[in-house]
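Numbering (full-length UniProt numbering), first residue to last: 1 to 695.
Data block below; observations after.
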Ligand SMILES: CCCCCCC/C=C/C(=O)SCCNC(=O)CCNC(=O)[C@H](O)C(C)(C)COP(=O)(O)OP(=O)(O)OC[C@H]1O[C@@H](n2cnc3c(N)ncnc32)[C@H](O)[C@@H]1OP(=O)(O)O
């Protein structure tokens, strides 16, 4: 249609200029992402159409409202002028779906805004606001009112002016005094951050081509690189992730109730507990413009917490344009700190964020139930505790819900939302809306120990530790998982989070510590294999980064640079001698498969139990809360790409070698999916006799 319209306009002498706009106040979000898997759609080449726009003998003006993303922005770059509404956003987000701007955008953008800014936009895929676009020279004008009228005004003004200087393909790429050095440094940075993710590196190469080749050759290079990405498999993973994230917004109770529109503007929210999690939660709420009261049990904790929250908010304000004014956190109507429990009477929603102790949480929920007004929603921030047990301490279990934030809570996007046996649909809808307002991805899951994310993490970490017992080293295991694409491996992660956290939990479960029955075997618990290695480290005060020693050594307590520790190596060999474990060489494949396939196996068990309503939920949780590499699409998507028969065969093999490790025993659901012929991921749930009974 665009091509036809342009040709008609060019041929019609009564047409003096052309204005291109979107329908319904939106310019264009780019290509239909679903089309990338269909060769029919890929037959439509957008690049030549953009060139056609640019070569028009009549001025073409883009009127950008809403968004101009991807192919949408590339169309605008072909226009001779761009007018944007002040609220519009622009970007080339193709990298986030595993591609690069394939309609000549990598060649035109650097010619318009220079290499550094273009590289930044293209390799990160970020959306920029119109004000920034104006500063960069990406648009010619921004308007507060009618963009289309403004674009027509501009078109009329420029009729008759020479179009040559407005054709980006004819412009040289602006020179930098140190272009070579700049590009080298930029490439190193892109590679370092990408960790096996191809698209940023290929985006870089396409922009580099713009600096080295004439326009037409640059376009050819862009096309070649686009094809490489299209067939890489990473693009499919990222496009799956895009739709998975949107799919988890759609949830429903077994009765089909799905309330999506809870209006939230006037709520007063109370955050209880100002430790690290509470501080991050309060910061997120203030950023979401929700009035907050932060409550602590005594003045000492309150003042400490207040100071930390203020530091976080100052930092956040600096990152935003007009941040201090927007966040307005010195205004007591927006953020209040108190030790006065009477303020609980007025709040609409409470987020309790005290530390993980069931007795303490129950005591608090009993108090909340007595003090809070009847409609108030009571949320508990917990990573594993039983929501039903917490709710049992109240007289309103239908209003109790779990909200598992991830640390640092003002940064991490994931919010696991856990409903208990009595949680009402409106409580779930409210928690989902809260997630959306905080710009987080809310994923609704059922109630079980560790919920979804941590429950899948337990077997992964368990395998990592077993591998050490059998002959591996922390740095070897971490390296394999970091090469796979995780930002940090399980041991670096454990040192960062603190080994004492798990130790406390294991003591609470009677797996270690004084409550362990005398005479218990060191390497067996309740008839299953158990590794006491993390407990032994904790007993020696090795809690990780905070004590300067854990699975690695650090430059000092609180240091961040992990170095392999000869003490650990010696300790591990001594441990193997004590327990008569024969040290063997463990290859990378075994490390990867035992860690990942045990995690995936637990995912199948979770799906079969109806704790999550689909594999997308598990994948979105792992992508947004556990650093799963985005270009691998999440653990369940990854399993589907490896092939379920292979996952099953490997689990069977490892399970036979380790019969006392139940988490390696293939789940019945995985076996069923293989038996029906390696069912594709989107059909998995149809093979369950009970469809998500808990949701
Ligand atoms: C085919 C020829 C190829 C030649 C090469 C051409 C090169 C061009 C490449 C591209 O243009 S790739 C696409 C680049 N664009 C994007 O990546 C944009 C992705 N979308 C977004 O960032 C956001 O959706 C938004 C546009 C900013 C809107 O955000 P909002 O939060 O308001 O709504 P959402 O819930 O995200 O989306 C609503 C609805 O729309 C669907 N959707 C959005 N964008 C696309 C898209 N590009 N393709 C297909 N579908 C899209 C999204 O899935 C939602 O649908 P439902 O899930 O509600 O059904």
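Heads up, the beta-carbon is just placed ideally off N, CA and C, and yes, glycines get one too.
Please read all numbers here as calculations on a predicted model, not as lab measurements.
- Distance from the C-beta of residue 27 to the nearest heavy atom of ligand 1 is not below 7 Å.
- For residue 243 and residue 222, the gap between their C-alpha atoms comes out near 26 Å.
- DSSP places residue 446 outside both helix and strand once states are collapsed to three, so it counts as coil.
- Counting along the chain, the unbroken alpha helix (DSSP H) around residue 50 starts and ends at 46 to 55.
- Around the Cβ of residue 219, a 10 Å sphere holds 16 or more other Cβ atoms; the residue is buried.
- In terms of Cα proximity to residue 305, the closest of 538, 280, 447 and 625 is 280.
- For residue 129, the beta-bridge partners assigned by DSSP are 89.
- Residue state for residue 401 is assigned as strand, using DSSP reduced to three classes.
- Remark: the shortest separation between the CB of residue 140 and any heavy atom of ligand 1 does not fall under 7 Å.
- Between ligand 1 and residue 363, a heavy atom-to-CB distance of less than 7 Å is absent.
- Here the region 679 to 687 makes contact with the region 629 to 641; the two share three or more CB pairs at distances below 8 Å.
- Burial is judged here by how many other beta carbons sit within 10 angstroms of a residue's own beta carbon; residue 239 has at least 16 and is buried.
- Between residue 173 and residue 111, the C-beta gap is smaller than 8 Å, which places the two residues in contact.
- If one requires a minimum length of 3 residues, the beta strand (DSSP E) runs lying completely within the region 290 to 318 are 292 to 295, in chain order.
- Following the DSSP letters along the chain, one finds residue 337 inside the beta strand (DSSP E) bounded by residues 335 to 338.
- For residue 676, same chain residues with a beta-carbon under 8 Å away, outside a window of 5 residues either side, are 687 in chain order.
- Residue 225 has its CB no nearer than 7 Å to any heavy atom of ligand 1.
- Taken in chain order, the unbroken stretches of beta strand (DSSP E) that lie wholly in the region 354 to 399 and span 3 residues or more are 377 to 380.
- Sequence-distant partners of residue 344 (beyond 5 residues in either direction) whose C-beta falls short of 6 Å from its own C-beta, in its chain, are 371 and 372.
- Cβ atoms of residue 485 and residue 195 come within 8 Å of each other, at about 5 Å.
- At a Cβ-Cβ threshold of 8 Å, residue 7 and residue 58 do not count as neighbours.
- Relative to residue 474, the option among 658, 511, 566 and 407 whose CA is nearest is 566.
- In the three-state reduction of the DSSP assignment, residue 104 falls in the coil class, being assigned neither a helical nor a strand state.
- Counting along the chain, residue 419 sits inside the beta strand (DSSP E) bounded by residues 414 to 419.
- Distance from the CA atom of residue 400 to the CA atom of residue 602, rounded to whole angstroms, is 27 Å.
- Residue burial annotation: residue 19 is buried, with at least 16 other C-beta atoms found within 10 angstroms of its C-beta.
- In this chain, residue 19 is not harboured by any alpha helix (DSSP H); it is covered by the beta strand (DSSP E) spanning 18 to 21.
- Within 7 Å of the C-beta of residue 34 there is at least one heavy atom belonging to ligand 1.
- The beta carbon of residue 22 sits closer than 6 Å to the beta carbons of 28 from its chain, once the five residues preceding and following it are set aside; these are given in chain order.
- In the pairwise beta carbon analysis, the region 524 to 539 is classified as touching the region 484 to 500: at least three pairs are separated by under 8 Å.
- When secondary structure is reduced to three states using DSSP, residue 511 falls in the coil class, being assigned neither helix nor strand.
- Contact annotation, residue 66 with residue 26: C-beta distance approximately 3 Å; criterion of less than 8 Å satisfied.
- Contact between residue 435 and residue 446 is absent: CB atoms are separated by about 17 Å, not below the 8 Å threshold.
- Judged by DSSP in its simplified three-state form, residue 436 adopts helix.
- In this structure residue 621 is not in contact with residue 285, their Cβ atoms being roughly 22 Å apart against a cut-off of 8 Å.
- Taking a cut-off of 8 Å for Cβ pairs, the region 573 to 591 and the region 506 to 517 do not touch, as fewer than three such pairs fall below it.
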